[in-house]
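S.K.:
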Amino acid sequence: METKQLTGSQAVLEACIAEGVDTIFGYPGGAIMPIYDALYDYMDKLKHVLVRHEQGGIHAGQGYARTSGKVGVVFATSGPGATNLVTGLADAMIDSTPLVCITGQVFAHLLGTDAFQETDIINITMPVTKWNYQITDATEIPHILAKAFYLAKTGRPGPVLIDITKNAQFQSFNYEGYSICNHVRSYRPKPIVRKEFIDIAVQLINEAKKPLVIFGQGVILGKAEKEFKEFIEKSGMPAAWTILGLSALPTDHPQNVGMLGMHGNYGPNVLTNDCDVLIAVGMRFDDRVTGRLDKYAKQAKIIHLDIDPSEIDKNVLAHVGVWGDCKETLPLLTMGIQQKDRTEWLNVFAGYAKEEYEQCIHEEMHPTAEALSMAEVIHAVNEITKGDAVMVTDVGQHQMVTCRYAKFNQTRSNVTSGGLGTMGFGLPAAIGAKFGAPKRTVIAVIGDGGIQMTLQEFGTIMQTGVEVKVVILNNEFLGMVRQWQQLFMDKRYSFVDIASPDYVMLANSYKIAAAKVSKREDLVDAVTKMLAHEGSYVLEVMVGKENNVFPMVPQGCSVSEIRLK
Amino acid sequence: MKSDLSNKAMENEKQEFTITVYTENQVGLLNRIAIIFSRRKINVESLNTSPSEVSGIHRFTIVVVESREVVIKIVRQIEKQVEVLKAYYNTNDEIVWQELALYKVLSDEITEKVKVERLLREFGARAVAIRKDFIVFETTGHREETNKLMEALAPFGLVEFVRSARVAIIKESAGFHEKLKDFEKSEPGIELVENEYLGQRGNVFTM
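Chains A and B, in that order, give the protein sequences.
The opening position of the first sequence corresponds to residue 0 in numbering that gives the first Met the number 0, with each subsequent residue numbered one higher.
The opening position of the second sequence corresponds to residue 0 in numbering that gives the first Met the number 0, with each subsequent residue numbered one higher.
Structure below.
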């Protein structure tokens, strides 16, 4: 084999190219300078997006991974650069987002000496990475990076961090090419499918009178949207989604009965405690989905499909655990199940949907109050996008409202911080989402709290010209915390009253077009103008200060105790 | 209704479990495994790392007092770690185990008091170092045994005492050689896939 001399830094970039990476989100610094120096010669092959903060970089990497289905790549320097990644790593870990983060590290001979910008990032990130590794010798770079990409994207995806000491980045070595990794002997990406449990599951589904399918991001991560649709369509089962499963099934699919959990829809929550067989696909029974566990679906036989064996029985005991990649297991189930008409059972959901609409949704969509509601803003967006946009949300009330009311026609269209609930996720994730899906309209819906956590990334928008539509739903409160304080803490509004800058001036100072709207009659025009505008746009919408998100399953209550008001 | 799950519920009493983990030899893996316990605020009673019967493969032996349900979850989290090949958990009747203890006693005490000498013989203690001023004895056995000698020696001025972590052999295990060969393949056999608990669900239809 032909060999050539490469530096460790060049080998890192060669690995990125070999893995099909087209965009890197990063921020330079002392300990990663050799890699950035090498990047100078690779500018025609690798696009680098200079963010304004490493947290912004990693959230952008997450947004990119979510919309593109590829591995997000992030560069950061040692010390503070690396520690600024931690929130994003934790977010990617809990939401199973494939990332490869490369951090610079001090020279190997300085490790453990409290050198300038030295931090033990391997130990710091151990609980929030699927795998991490420190490279001190450049010859390790090709196979370690191959392993990193393989681990990040296979099985249950997750973030991988590779820490490379500065000497290894400088070091020249005999480069023998890059080979893609497809096997690590101590790592099994997916369990083997066991036919006998498929058979039991099929029998349970066929005997079921009131089956309910609940699905999560596993369907999207497994690229099994088609298989999933065939599965539910064959036997006419209602399907409800977790916040990360959203967009795997089109919103207007007749069997899509809505969202599960704390602020989910009325029917799927109540009927979780009425179904006879509950089929969970690629979801992990988060407490925000299940409410009180000892009152969760106790009457039902539970079938749990998951690629990660440690998820089966973790929170909810399953009668049948169908381990494996749902891309493989769903067709096996579909093959066995009988065609059924379950109109009657679906009508029960429709009844609940009607009640929810009358008691809750109608007022949200068409408020009689003077102040704008968050839902009518999302409704106005839907009217124009017709469900074709990528919706990125931050965390809080606006997130719940967007996920409840936004329409989706295609998969990988909903990007949000689900498990970790990271405020500040929205803006940088939207930037990454646009790089991951450049042909699609990307709309970020963000609260007045979350936007102020990472608004430095307006600078990234300005400099790269990436087109992101930012809707700031401003209720002049940290709304979700305020809602809880109102409902459960006697309206003691402790530090939730948050002031905002003039977002229009702020956006303009970053050369981003912007507008502010607070009257109902101006809303549709403002949204239309934003979406028609070429380039990024910030639309601040003043919404009712003390609007609440309903329905709601109060903490410590069962899902069937969901409140409509 | 869920009679098939009630057997699991009965296993919820805490007892001693020995967890055996076969791993790659990699820096930092000890931390990754330790984090799984500390995150759940579970105290590790004893932890031993050593080579295993297979060259290059490490073997952790970890003892915890927990319910079976919790132990199963922990074992699955351990197996999820990239560099872990396989983890087993066993109750005490399923393993053969030993711990080693060292006792330092002043030489004067031994030479002056016949009783001490008898005691040491009774417990099968072996002298591993004999100095003018002190003697170090060693015993191996179960914790109760090493404890008893410690308590018996206490009145005679036990200067130092230390006990090692538990090492354990699984009675039913056929070793790891064949399993490792299977792991080397890109499509490992069914036995390696941690589906064993699924078997407990056989009576799913007996409502």
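Beta carbons: idealized from backbone N, C-alpha and C, even for Gly.
Leaving aside the five residues before and after A/Gln9 along the sequence, list all residues of the same chain whose C-beta is less than 7 Å from its C-beta, in chain order.
M.R.: The answer, listed in chain order, is Ala37.
S.K.: Check each candidate in B/Ala153, B/Arg142, B/Gln14 and name the one with the smallest Cα separation from B/Ser66.
M.R.: Checking every option, the nearest Cα to that of B/Ser66 belongs to B/Gln14.
S.K.: Using a Cβ-Cβ cut-off of 8 Å (strictly less than) and excluding sequence neighbours within five positions of A/Pro167, which residues of its own chain qualify?
M.R.: One point to set straight first is that residue 167 of chain A is Ala, not Pro, in the sequence displayed. These residues qualify, in order along the chain: Gly7, Ala107, Ile134, Thr135, Asp136, Ala137, Glu139, Ile140.
S.K.: At a cut of 8 Å, does the segment 16-24 of chain A reach the segment 63-80 of chain A through at least three beta carbon pairs?
M.R.: At 8 Å Cβ cutoff, the stretches touch.
S.K.: Flag this pair as touching only if the segment 52-68 of chain A and the segment 404-417 of chain A have three or more C-beta atom pairs under 8 Å; answer yes or no.
M.R.: Touching, yes.
S.K.: Going by C-alpha to C-alpha distance, which of B/Ile168, B/His176, B/Leu179, B/Glu177 sits closest to B/Asp92?
M.R.: Cα-wise, what sits closest to B/Asp92 is B/Ile168.
S.K.: Quick check on this structure: which residue in B/Ile129, B/Arg130, B/Thr138 has the alpha carbon closest to the alpha carbon of B/Leu119?
M.R.: That would be B/Thr138, whose Cα lies nearest to the Cα of B/Leu119.
S.K.: Within 10 angstroms of its Cβ, does B/Gln80 collect 16 or more other Cβ (buried), or is it exposed?
M.R.: Burial call: buried.
S.K.: Answer with yes or no whether the minimum CB distance from A/Ser557 to chain B is below 7 Å.
M.R.: Not one chain B Cβ lies under 7 Å of A/Ser557.
S.K.: Mind checking which residues open and close the beta strand (DSSP E) that includes A/Phe115?
M.R.: Note, A/Phe115: premise wrong, no beta strand (DSSP E); not H, not E.
S.K.: What residue ranges within the segment 85-142 of chain B form continuous beta strand (DSSP E) runs of no fewer than 3 residues, ordered along the chain?
M.R.: Within the segment 85-142 of chain B, the complete beta strand (DSSP E) runs of at least 3 residues are 94-105, 125-129, 133-140.
S.K.: With 16 as the cutoff for other CB atoms within 10 Å, does A/Thr118 come out buried or exposed?
M.R.: So A/Thr118 ends up on the buried side.
S.K.: Might you give, ordered along the chain, the residues of its own chain that have their beta carbon closer than 6 Å to the beta carbon of B/Gly201, omitting 5 neighbours on each side?
M.R.: Because B/Gly201 sits at a pLDDT of 45, beneath the cut-off of 50, its placement in the model cannot be relied upon, and the point is left open.
S.K.: Name the chain A residues that come within less than 7 Å of B/Glu12, Cβ to Cβ?
M.R.: Ordered by position in chain A, no residue passes the 7 Å Cβ test against B/Glu12, which lies about 18 Å from the chain.
S.K.: Alpha carbon to alpha carbon, what distance is there between A/Ile511 and A/Lys490?
M.R.: Cα-Cα distance, rounded: 38 Å.
S.K.: Closer than 9 Å by beta-carbon distance: list the chain A residues that pair up with B/Lys72, in chain order.
M.R.: Within 9 Å Cβ-Cβ: Ser309, Asp312, Lys313.
S.K.: Determine, for B/Ile34, whether the minimum Cβ-Cβ distance to residues of chain A falls below 7 Å.
M.R.: Taking Cβ atoms only, chain A reaches closer than 7 Å to B/Ile34, which makes this a yes.
S.K.: Listing by chain order, which chain A residues have their CB less than 9 Å from the CB of B/Glu52?
M.R.: Correct list: empty, because the minimum Cβ distance to chain A is about 17 Å.
S.K.: Could you tell me whether the segment 358-375 of chain A touches the segment 224-231 of chain A, where touching means 3 or more Cβ pairs closer than 8 Å?
M.R.: The segment 358-375 of chain A vs the segment 224-231 of chain A: no contact.
S.K.: Is there a Cβ of chain B sitting closer than 7 Å to that of A/Tyr186, yes or no?
M.R.: Interface residue, yes.
S.K.: Counting only runs of 4+ residues fully inside the segment 481-531 of chain A, write out the alpha helix (DSSP H) ranges in chain order.
M.R.: List check, alpha helix (DSSP H) in window: 502-508, 519-531.
S.K.: List the DSSP bridge partners of A/Leu538.
M.R.: According to DSSP, which records beta bridges pairwise, A/Leu538 is partnered with A/Val470, A/Ala514.
S.K.: Name the residue from A/Ile471, A/Ala64, A/Asn131 whose alpha carbon lies nearest to the alpha carbon of A/Leu505.
M.R.: Checked all of A/Ile471, A/Ala64, A/Asn131; the closest Cα to A/Leu505 is A/Ile471.
S.K.: Throw me the rounded Cβ distance for the A/Lys129 and A/Val105 pair, which I believe falls under 8 Å.
M.R.: Going by Cβ atoms, the distance from A/Lys129 to A/Val105 rounds to 25 Å, so no, they are not a contact pair.
S.K.: For the putative contact between A/Trp301 and A/Val315, defined by C-beta atoms under 8 Å, what is the C-beta separation to the nearest angstrom?
M.R.: Checking the sequence shown, residue 301 of chain A turns out to be Ile, not Trp. About 6 Å; that satisfies the 8 Å criterion.
S.K.: Using only alpha-carbon positions, find the residue among A/Glu206, A/Ile143, A/Ile191 that is nearest to A/Ser178.
M.R.: Out of A/Glu206, A/Ile143, A/Ile191, A/Ile143 has the C-alpha closest to the C-alpha of A/Ser178.
S.K.: From A/Pro97 to A/Glu195, what does the alpha carbon distance come to, in whole angstroms?
M.R.: Each residue's Cα considered, the two are about 32 Å apart.
S.K.: With DSSP collapsed to three states, give me the class of A/Met282.
M.R.: Note: A/Met282 maps to coil in three-state DSSP.
S.K.: Is A/Ile377 closer than 7 Å to A/Thr401 when the C-beta atoms are compared?
M.R.: Yes, Cβ-Cβ distance for A/Thr401 and A/Ile377 is below 7 Å.
S.K.: What are the residues of the segment 157-170 of chain B that lie near chain A, defined by any Cβ-Cβ distance shorter than 7 Å?
M.R.: Under the 7 Å Cβ criterion, the segment 157-170 of chain B contributes no residue.
S.K.: Who are the Cβ neighbours of A/Leu88 in its own chain at under 8 Å, not counting the five residues just before and after it?
M.R.: The residues are Ile57, Leu98, Cys100, Thr124, Val127, Thr128, Pro158, Leu160.
S.K.: If the cut-off is 8 Å on Cβ atoms, which residues from the segment 55-79 of chain B count as contacting chain A, listed in chain order?
M.R.: Hits within the stretch, in order: Ile71, Lys72, Arg75, Gln76, Glu78, Lys79.
S.K.: Using Cβ-Cβ distances below 9 Å, what residues of the segment 115-149 of chain A are close to chain B?
M.R.: Listed in sequence order: Ile121, Asn122, Met125, Pro126, Lys129, Trp130, Asn131, Tyr132, Gln133, Lys146.
S.K.: Which chain B residues sit within Cβ distance under 7 Å of A/Val105?
M.R.: Result: empty, since nearest Cβ-Cβ is about 17 Å, beyond 7 Å.
S.K.: Kindly indicate which three-state DSSP category B/Ala167 falls into: helix, strand or coil?
M.R.: If DSSP states are grouped into helix, strand and coil, B/Ala167 belongs with the strands.
S.K.: List the residues of chain B that A/Val183 touches, going by C-beta distances under 8 Å, in chain order.
M.R.: Result: Val81.
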